[in-house]
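Enquirer: Taken in order, the sequence shown gives residues -5 to 336; the numbers are from the numbering used here.
This is the structure, below, for whatever I ask next.
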Amino acid sequence: MSEHSASQRKDAHLDLAKQTLADGARPSHLLDRIDLPYCALPELDLPQIDITARFLHRQLAAPLLITGMTGGTARADALNAALVSVASRHNIAIGLGSQRASLEAGQSQHALRKAHPKACLIGNLGGVQITGKAGLALAERAAGDIEADALAIHLNPLQEAIQPEGDHDWQGVEEAIGRLVDKLACPIIVKEVGAGLSAAVVRRLYAAGVAYIDVAARGGTNWALIEWLRQNPEKQSLYKPFLSAGIDLPDALAGARHIAPDMHIIASGGIRHGLDIAKTLWLGADMAGMAGGLLQSLEDDNGQLHPDRLSDKIVEIQEQIRLSCFLTGAKSVTMLKKMQNY
Ligand SMILES: Cc1cc2nc3c(=O)[nH]c(=O)nc-3n(C[C@H](O)[C@H](O)[C@H](O)COP(=O)(O)O)c2cc1C
């Protein structure tokens, strides 16, 4: 595919991701059916509640990761610069979107690391891009370019199957993941992009030595729908039954935690606020990830960026996590996690 059409696709993804979320594609979420155990006698001082979280040998201000969205176009680079800057200011973790296109075009994103030496910064490549002999070298370049704290490998077969230009050969990905676990200098995080990691897949990743996963479940940004909207109308009926394929977030979390008690599990897929995050911690996650919801805060319908709006949103999310702990009688997010009922 030409560089021009890859850039057009990335920008179309940004627009469609915002549009499909704004269209009310997710009026409710399965997390709405879950209530944290309410405690009328907390014996706590709300501002003293400790919501810090340990992740990749860093102490973060909150158990929150802005998960990878984009990169490789002028618009995407401006978005990433704003995302990394806000994440770094609030001491939360931040992932870049796939680095493949920019690396293949000979571009570097090292300026992001240079500007934010202490950021918890995560690189990103697709599962199909790390197969074969060249896979390890590409992963080393991606991680090295930004001195990554970890490299996220995204598994998105549903998206690729429906995407007009998608990769349909998914052979060798599992083996390639095992190779990265053994050979890459930094940890890897295996993630979906919104259709969820099943318990069976988590079992295979766990056996391969993967220590970090992001379940990225159904319930938020819907990549099947986004690619379907980009598909040739003649092909849309073929893919229509698959638009809601995937695993819901509470199910994905329960399955993953049951299989892998000591894995670092990131909960994502339609997280809207700090109460959602607290619920996922209570259900067994170590931290939560957000993408589409934060993109909506950062970029308006005219493509203008509003880092202050994103910053306010992150402060609000942190206060909501703190309040959730208070109302559950937990003095910290660590204690909230110990109240898990899986
Ligand atoms: C505009 C956009 C672009 C994305 N690009 C990537 C990507 O390049 N690599 C990746 O691993 N995930 C990508 N994602 C998926 C997110 O990291 C996340 O897993 C998914 O959107 C589910 O979270 P959400 O419901 O909070 O949006 C992208 C998401 C959005 C909204």
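Glycine residues also receive a C-beta, built at the ideal position from the N, C-alpha and C atoms.
Grouping DSSP H, G and I as helix and E and B as strand, with all else coil, what is M329?
Expert: helix
Enquirer: What residue range is occupied by the uninterrupted beta strand (DSSP E) comprising L119?
Expert: L115 to G120
Enquirer: Please name the residue in V184, H84 and V204 whose C-alpha comes closest to that of D176.
Expert: V204
Enquirer: Three Cβ pairs or more, each shorter than 8 Å: is that satisfied between the stretch 222 to 232 and the stretch 273 to 280?
Expert: No, the stretch 222 to 232 does not touch the stretch 273 to 280.
Enquirer: According to the Cβ coordinates, are H84 and I308 closer than 8 Å?
Expert: yes
Enquirer: Given L35, which residues of its chain have a CB within under 8 Å of its CB, disregarding the five upstream and five downstream residues?
Expert: G323
Enquirer: Q13: buried (16+ other C-beta within 10 angstroms of its C-beta) or exposed?
Expert: exposed
Enquirer: Expressed to the nearest angstrom, what Euclidean distance is found between the alpha-carbon atoms of L299 and L30?
Expert: Distance between the alpha carbons of L299 and L30 is about 35 Å.
Enquirer: Any heavy atom of ligand 1 within a distance shorter than 7 Å of the CB on T67?
Expert: no
Enquirer: Could I get the ranges of all uninterrupted alpha helix (DSSP H) runs contained in the stretch 73 to 101, with 4 residues as the minimum, in chain order?
Expert: Runs of the alpha helix (DSSP H) lying entirely within the stretch 73 to 101 and spanning at least 4 residues, in chain order: 94 to 98.
Enquirer: Leaving out five residues before and five after G283 in sequence, what residues of the same chain have Cβ atoms less than 6 Å from its Cβ?
Expert: L59, T61, D208, I260 and S262
Enquirer: Give the single residue among P181, N150 and R48 whose Cα lies nearest to the Cα of R212.
Expert: N150
Enquirer: Under a Cβ-count criterion, where at least 16 other Cβ atoms within 10 Å of its own Cβ denotes burial, should D139 be classed as buried or exposed?
Expert: buried
Enquirer: Using only CA atoms, which one of R173, H23 and D5 lies nearest to A70?
Expert: Among R173, H23 and D5, the Cα nearest to that of A70 is on D5.
Enquirer: Pull up the distance between the alpha-carbon of L38 and that of A272, whole angstroms please.
Expert: 17 Å
Enquirer: Look up Y336 in the DSSP assignment and say whether it is helix, strand or coil.
Expert: Any reading at Y336 must be qualified, since the residue scores a pLDDT of 38, below 50, and its modelled position is unreliable; no value is offered.
Enquirer: According to DSSP, V184 sits in a beta bridge with which residue or residues?
Expert: I147 and I207
Enquirer: Need the endpoints of the alpha helix (DSSP H) that G126 sits in, please.
Expert: For G126, the uninterrupted alpha helix (DSSP H) run begins and ends at G126 to D139, by DSSP.
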